[in-house]
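Colleague: In our numbering, the protein residues as written are 87 to 364.
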């Protein structure tokens, strides 16, 4: 059951504007699909979906997008463009882990981490989860669970906190892991933060069969929270959308789309047969 996973960002009716901005900013990027509800786009090989969700949710610093820039010229170009109308959480400069790095929030409220380092992978933008506050000791547990749920998944890099931090047991500071074909980063922070994971950032898992929907719904949602329309939050607070891959086709059918929407608005977990019968 290796399924494509991609990031969804919740916008306050700015998804089209954001998609156009990002695809003009990042090289080798383009729009995949746009309609009044969503804008799907690809940035340097990484797929995103922008959702025109309104003001209910907004992206969180707990989930950012880590860009491996590869050169001083590129990191400065991206930093200047993304900072315009936004704000720097950590200004561009030298840090212990990188000779040139920045963490910022762009004008759409989306968080980015920029690193001068290159990455030996085709994926240059990596979704990055920050485990803080009560989630701080749970990074390794969460990553292990994700790797067990998704086929062909593995932990690629794992770095522990140095001994001088005097934690009661070993703590993972940074982890890079792969779910199917997609790379993710996870970072833990012992410091207090006034934010947490939010539906403003989620991950979409497209499923071909009801069996797949049932599997991911049950395994990712266990001890978490189930919501409407295929949304759930796992036990760590990370939001996921478990959706049938046939849904866009059904939604684009003028004869069926209205009935399909009425059907899935009543659902928590998607039921493919009910959508087909709508």
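Just so you know, even glycine gets a beta-carbon here, dropped at the ideal spot from N, CA and C. Nothing here was measured: the structure is a model prediction, and the numbers come from that model.
Helix, strand or coil: which one does DSSP assign to residue 309?
Modeller: In the chain shown, residue 309 corresponds to position 223, counting from 1. In the structure shown, residue 309 sits in coil (DSSP, three-state: anything other than H, G, I, E or B).
Colleague: What is the DSSP secondary structure of residue 132, reduced to helix, strand or coil?
Modeller: If you number the chain shown from 1, residue 132 lands on position 46. Reduced to three states, the DSSP call for residue 132 is strand.
Colleague: Which first and last residues belong to the beta strand (DSSP E) in which residue 335 is found?
Modeller: Along the chain shown, read from residue 1 onward, the residue named residue 335 stands at position 249. No beta strand (DSSP E) contains residue 335, which is instead part of the alpha helix (DSSP H) from 333 to 337.
Colleague: Thinking C-beta only, is residue 258 closer than 7 angstroms to residue 225?
Modeller: Locating residue 225 in the chain shown gives position 139, counting from the first residue. Locating residue 258 in the chain shown gives position 172, counting from the first residue. Yes, the pair counts as a contact, with Cβ atoms nearer than the cut-off.
Colleague: Does DSSP classify residue 279 as helix, strand or coil?
Modeller: For the purposes of this step, residue 279 is taken as residue 193 along the chain shown, with counting starting at 1. Coil.
Colleague: Can you give me the Cβ contacts of residue 312 inside the same chain, cut-off strictly under 8 angstroms, excluding the 5 residues immediately before and after it?
Modeller: Residue mapping note: residue 312 aligns to position 226 of the chain shown, counting from 1. Answer for residue 312: 303, 318, 354, 355, listed in chain order.
Colleague: On the three-pair Cβ rule with 8 angstroms, is the stretch 171 to 190 touching the stretch 226 to 235?
Modeller: At 8 angstroms Cβ cutoff, the stretches do not touch.
Colleague: Taking three-plus beta-carbon pairs below 8 angstroms as touching, is the stretch 283 to 299 in contact with the stretch 239 to 259?
Modeller: They do not touch, by the three-pair rule.
Colleague: Would residue 310 pass as an interface residue toward chain B - the criterion being a Cβ-Cβ separation below 7 angstroms?
Modeller: No chain B appears in the structure shown, which is made up of a single protein chain.
Colleague: Cβ of residue 147 within 7 angstroms of Cβ of residue 197?
Modeller: Position 61 of the chain shown, counting from 1, holds the residue named residue 147. Position 111 of the chain shown, counting from 1, holds the residue named residue 197. Yes; because the gap between Cβ atoms is below 7 angstroms, this pair is in contact.
Colleague: What three-state label does DSSP hand residue 304 in the structure shown?
Modeller: Here residue 304 is taken as the residue at index 218 of the chain shown, counted from 1. Three-state DSSP puts residue 304 in a helix.
Colleague: Please go through the same chain and pick out, in chain order, the residues whose beta-carbon is closer than 6 angstroms to the beta-carbon of residue 281, but skip the five residues on each side of it.
Modeller: The residue given as residue 281 occupies position 195 in the chain shown. Same-chain partners within the cutoff: 146, 147, 148.
Colleague: Would you say residue 127 and residue 93 are within 7 angstroms of each other, going by their C-beta atoms?
Modeller: On the chain shown, position 41 is the one that residue 127 refers to. On the chain shown, position 7 is the one that residue 93 refers to. Result no, Cβ atoms of residue 127 and residue 93 do not sit closer than 7 angstroms.
Colleague: Alpha carbon to alpha carbon, how far is residue 333 from residue 358? Give it in angstroms, no decimals.
Modeller: For the purposes of this step, residue 358 is identified with residue 272 of the chain shown, where counting begins at 1. For the purposes of this step, residue 333 is identified with residue 247 of the chain shown, where counting begins at 1. Each residue's Cα considered, the two are about 9 angstroms apart.
Colleague: State whether the stretch 262 to 277 contacts the stretch 209 to 223, with contact taken as three or more CB pairs (one from each stretch) at a distance under 8 angstroms.
Modeller: Result yes; three or more Cβ-Cβ pairs closer than 8 angstroms.
Colleague: Hey, could you find the ends of the beta strand (DSSP E) residue 327 is sitting in?
Modeller: To locate residue 327, count along the chain shown from 1; it is residue 241. Where residue 327 is concerned, the enclosing beta strand (DSSP E) stretches over 325 to 330.
Colleague: Where do the ends of the beta strand (DSSP E) carrying residue 344 lie?
Modeller: One-based indexing of the chain shown puts residue 344 at position 258. Residue 344 -> not in any beta strand (DSSP E); alpha helix (DSSP H) instead, spanning 343 to 350.
Colleague: Residue range of the alpha helix (DSSP H) that residue 109 falls in?
Modeller: Stepping through the chain shown from its first residue, residue 109 is reached at position 23. Segment 101 to 111, the alpha helix (DSSP H) holding residue 109.
Colleague: In the structure shown, what three-state DSSP assignment does residue 236 receive?
Modeller: Counting from 1 along the chain shown, the entry for residue 236 is found at position 150. Reduced to three states, the DSSP call for residue 236 is coil.
Colleague: Count the C-beta pairs between the stretch 155 to 169 and the stretch 192 to 209 that are closer than 8 angstroms, then say yes if the count reaches three, no if not.
Modeller: Yes: at least three Cβ pairs fall under 8 angstroms.
Colleague: Tell me, which residues are paired with residue 174 by DSSP?
Modeller: In the chain shown, residue 174 corresponds to position 88, counting from 1. In the DSSP output, where bridge partners are listed per residue, residue 174 has 190.
Colleague: Leaving out the 5 sequence neighbours to the left and right, which residues in its chain are closer than 7 angstroms to residue 104 when beta-carbon positions are compared?
Modeller: On the chain shown, position 18 is the one that residue 104 refers to. These residues qualify, in order along the chain: 97, 136, 194.
Colleague: With a 10 Å radius around its C-beta and 16 neighbouring C-beta atoms as the bar for buried, classify residue 187 as buried or exposed.
Modeller: Position 101 of the chain shown, counted from the start, is the residue given in the question as residue 187. So residue 187 ends up on the buried side.
Colleague: Residues in its own chain within less than 8 angstroms of residue 102 by CB, not counting five upstream and five downstream?
Modeller: Residue mapping note: residue 102 aligns to position 16 of the chain shown, counting from 1. Counting only Cβ-Cβ distances below 8 angstroms, and skipping sequence neighbours, we find 120, 125, 136, 138.
Colleague: Going by other Cβ atoms of all chains shown within 10 Å of its Cβ, with 16 needed for buried, is residue 221 buried or exposed?
Modeller: For the purposes of this step, residue 221 is identified with residue 135 of the chain shown, where counting begins at 1. It is buried - the Cβ of residue 221 has at least 16 other Cβ atoms within 10 Å.
Colleague: Rounded to the nearest angstrom, how far is the Cβ of residue 298 from that of residue 90, given a contact under 8 angstroms?
Modeller: Taking the first residue of the chain shown as position 1, residue 298 is located at position 212. Taking the first residue of the chain shown as position 1, residue 90 is located at position 4. About 12 angstroms; that fails the 8 angstroms criterion.
Colleague: Excluding sequence positions up to five away, which residues of its chain have a Cβ less than 7 angstroms from the Cβ of residue 337?
Modeller: Along the chain shown, one-based indexing puts residue 337 at 251. Correct list, in chain order: 343, 346.
Colleague: Please tell me whether residue 203 and residue 143 are closer than 7 angstroms, where the distance is taken between their beta carbons.
Modeller: Within the chain shown, residue 203 is the residue found at index 117, counting from 1. Within the chain shown, residue 143 is the residue found at index 57, counting from 1. No, Cβ-Cβ distance for residue 203 and residue 143 is not below 7 angstroms.
Colleague: Tell me whether residue 87 sits in a helix, a strand or coil according to DSSP, three-state version.
Modeller: Translated into positions along the chain shown, residue 87 becomes position 1. In this predicted model, residue 87 has a pLDDT of only 47, less than 50, meaning its place in the structure is not dependable enough to derive any value.
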